[in-house]
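A.B. asks: Per the numbering used here: the sequence shown = residues 1 to 235. Can you keep this structure in mind? I'll have questions shortly.
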Amino acid sequence: MLTRKQYELLVFVDRRLRETGISPSFDEMKDALGLQSKSGIHRLITGLEERGFIRRLPHRARALEVLRLPENMEPPAAGGRPGSREKFAPNVIQADFRMPGSSASADSQAVALPLYGRIAAGTPIEALRDHSMSVDIPTALLGGGEHYALEVDGDSMIEAGIHDGDTVVIQRCDSAENGAIVVALVDNEEVTLKRLRRRGQSVALEPANAAYKTRICGPDQVQVQGRLVGLVRKY
Numbered sequence: 001m002l003t004r005k006q007y008e009l010l011v012f013v014d015r016r017l018r019e020t021g022i023s024p025s026f027d028e029m030k031d032a033l034g035l036q037s038k039s040g041i042h043r044l045i046t047g048l049e050e051r052g053f054i055r056r057l058p059h060r061a062r063a064l065e066v067l068r069l070p071e072n073m074e075p076p077a078a079g080g081r082p083g084s085r086e087k088f089a090p091n092v093i094q095a096d097f098r099m100p101g102s103s104a105s106a107d108s109q110a111v112a113l114p115l116y117g118r119i120a121a122g123t124p125i126e127a128l129r130d131h132s133m134s135v136d137i138p139t140a141l142l143g144g145g146e147h148y149a150l151e152v153d154g155d156s157m158i159e160a161g162i163h164d165g166d167t168v169v170i171q172r173c174d175s176a177e178n179g180a181i182v183v184a185l186v187d188n189e190e191v192t193l194k195r196l197r198r199r200g201q202s203v204a205l206e207p208a209n210a211a212y213k214t215r216i217c218g219p220d221q222v223q224v225q226g227r228l229v230g231l232v233r234k235y
């Protein structure tokens, strides 16, 4: 799952490497993506590195290697340019939310999901399950099964591209692969959004922010309530 900016950066770096064999500089990447500071590029590179799309080569300046491209991205054409971005369906979508009672137009292809309050992306809080609230979500973010939405509260997942105030789309499930970002119910009373890691008999709930610590729990303390499949950001 890539944000729009992560995808744009990956395309730019891959194209530059194919054309010149040299990684673009931070300034070139910043200008290409229209960002104001190089710190934004650093965050995007870190996110791509964490997801296994690129790696930084040690002891070499401006050295990036593209390890893989998104599955929904066309392979590079003979001229060395990656496929068209038009076929990319981003999992982070800029949108306006509608409250219950309003109807989504046919063109929007959105469905109303129950909005279960705010979930902590910092200190865990008890989940709010107010079934009277809903939010329209583009069907492009949904797969099979049942889904619901949560509003993020906090910044502990910011390095995974999840910001305070974002609405995350969750596919309901009771298990998830190692490394997935999940909604975890801890001790049957508090819910948090974290990356799931199984370490022997322990379960680690990892933040994506160096300012927060990983929480280690026993196998009976954590119940998976769903896995992250998409994100909607309101500007």
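Just so it is clear, CB atoms sit at the ideal spot from N, CA and C, and this is done for glycine as well.
Check Glu146 in the structure and name its three-state DSSP category.
C.D. replies: Coil.
A.B. asks: Considering only heavy atoms of the ligand ADP, does any lie closer than 7 Å to the CB of Ile158?
C.D. replies: Summarising the ligand content, the structure contains no ligands, and the ligand ADP is consequently not present.
A.B. asks: Check the C-beta distance from Leu10 over to Leu48 and give it rounded, since I have them as a contact under 8 Å.
C.D. replies: Confirmed, about 6 Å.
A.B. asks: Skipping 5 residues on each side, what residues in its chain have a beta carbon closer than 8 Å to that of Val229?
C.D. replies: Met1, Asn91, Leu141, Leu142, Gly143, His147, Val169, Ile170 and Gln171.
A.B. asks: Tell me Asn194's beta-bridge partners as DSSP assigns them.
C.D. replies: Reading off the sequence shown, one finds Lys at residue 194, where the question assumed Asn. Beta-bridge pairing links Lys194 to Val182.
A.B. asks: According to DSSP, is Gly226 part of a helix, a strand, or is it coil?
C.D. replies: The answer is strand: DSSP assigns Gly226 an E or B state.
A.B. asks: Using only the alpha-carbon positions, how far apart do Gln225 and Asp174 sit?
C.D. replies: Cα-Cα distance, rounded: 6 Å.
A.B. asks: Give a yes or no on whether the C-beta atoms belonging to Met157 and Pro219 are separated by under 8 Å.
C.D. replies: It is not a contact, given that the beta carbons lie outside the stated cut-off.
A.B. asks: Looking at the structure shown, is Arg4 part of a helix, part of a strand, or coil, going by DSSP?
C.D. replies: Helix.
A.B. asks: Can you give me the Cβ contacts of Gln6 inside the same chain, cut-off strictly under 6 Å, excluding the 5 residues immediately before and after it?
C.D. replies: So the list reads Leu44, Gly47 and Leu48, once near-sequence residues are dropped.
A.B. asks: What span of residues does the beta strand (DSSP E) with Asp220 cover, start to end?
C.D. replies: Note, Asp220: premise wrong, no beta strand (DSSP E); not H, not E.
A.B. asks: How about Gly165 and Thr3: are their beta carbons less than 8 Å apart?
C.D. replies: Taking 8 Å as the Cβ cut-off, Gly165 and Thr3 do not qualify as a contacting pair.
A.B. asks: Around the C-beta of Asp14, are 16 or more other C-beta atoms found within 10 angstroms, so that it is buried, or is it exposed?
C.D. replies: By the 10 Å Cβ count, Asp14 comes out buried.
A.B. asks: Spatial neighbours of Arg55 within its chain, please: CB distance less than 8 Å, with the 5 preceding and 5 following residues excluded, ordered by chain position.
C.D. replies: Closer than 8 Å at the Cβ level, and outside the excluded window around Arg55, lie Glu49, Leu64, Glu65 and Leu67.
A.B. asks: If I follow the unbroken alpha helix (DSSP H) through Ile41, where does it start and stop?
C.D. replies: Counting along the chain, the alpha helix (DSSP H) containing Ile41 begins and ends at Lys38 to Glu50.
A.B. asks: Is Arg215 near Ile181, with beta carbons less than 8 Å apart?
C.D. replies: It is not a contact, given that the beta carbons lie outside the stated cut-off.
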